[in-house]
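Okay, so here's the structure we're looking at.
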Amino acid sequence: MSAITIAYQLNPPTEAEAGGLNSSKDSAFPVNANPSEGQKKYYNSLQKAIVEAKNDIGNDLTAWKEAVGKAELSKETPKTLKYEDTGEEEEEEEEVEEQ
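Numbers in this note's numbering are just positions in the sequence shown, counted from 1, shifted up by 2.
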């Protein structure tokens with residue numbers, strides 16, 4: 003049997019709260035058919051393994067993205083946030099005046 007294997011090693015910022023997330027992982031997703039069993043059966047099994055791999059890694063990386071995103075938000079200061087908001091309002095006012 004063949005399999006799709008995925009391994010990753012993340013280096014998240016120290017401020018990110020991992021909350022039980024592993025920064026490294028090795029996964030194998032078996033392809034439960036051989037080409038000798040027929041192309042249709044093999045490619046259906048291969049497609050299933052790819053979807054499982056995509057979903058698994060996607061779920062893991064989404065959880066890490068959220069954890070790192072929360073840590074990044076804590077770096078924003080009220081002054082920085084106010085400056086960013088003011089800049090957007092000025093751009094909108096300029097667009098209205100041009101019309």
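C-beta atoms are modelled at their ideal positions from N, C-alpha and C, and glycine is treated no differently.
Can you give the Cα-Cα distance for residue i and residue j, rounded to whole angstroms?
i: residue 47; j: residue 75; result: 42 Å
i: residue 51; j: residue 64; result: 20 Å
i: residue 21; j: residue 40; result: 45 Å
i: residue 15; j: residue 77; result: 12 Å
i: residue 1; j: residue 27; result: Given that the chain is displayed from residue 3 to residue 101, the structure contains no residue 1 and the question cannot be resolved.
i: residue 25; j: residue 67; result: 12 Å
i: residue 61; j: residue 13; result: 17 Å
i: residue 59; j: residue 37; result: 26 Å
i: residue 19; j: residue 69; result: 6 Å
i: residue 57; j: residue 29; result: 12 Å
Going by beta carbon distance, what residues of the same chain come within less than 6 Å of residue i, once the five residues before and after it are set aside?
i: residue 4; result: 33
i: residue 6; result: 31, 51, 55
i: residue 17; result: 73
For residue i, which residues of its own chain have a beta-carbon under 7 Å away from its beta-carbon, when the five flanking residues on both sides are left out?
i: residue 43; result: 35
i: residue 10; result: 26, 27
i: residue 23; result: 65, 66, 69
i: residue 8; result: 29, 55, 59
Return the first residue and the last residue of the beta strand (DSSP E) that residue i is part of.
i: residue 29; result: 26-33
i: residue 121; result: The requested residue 121 does not occur in the structure, where the chain is confined to residues 3 to 101.
From what residue to what residue does the alpha helix (DSSP H) around residue i run?
i: residue 47; result: 41-75
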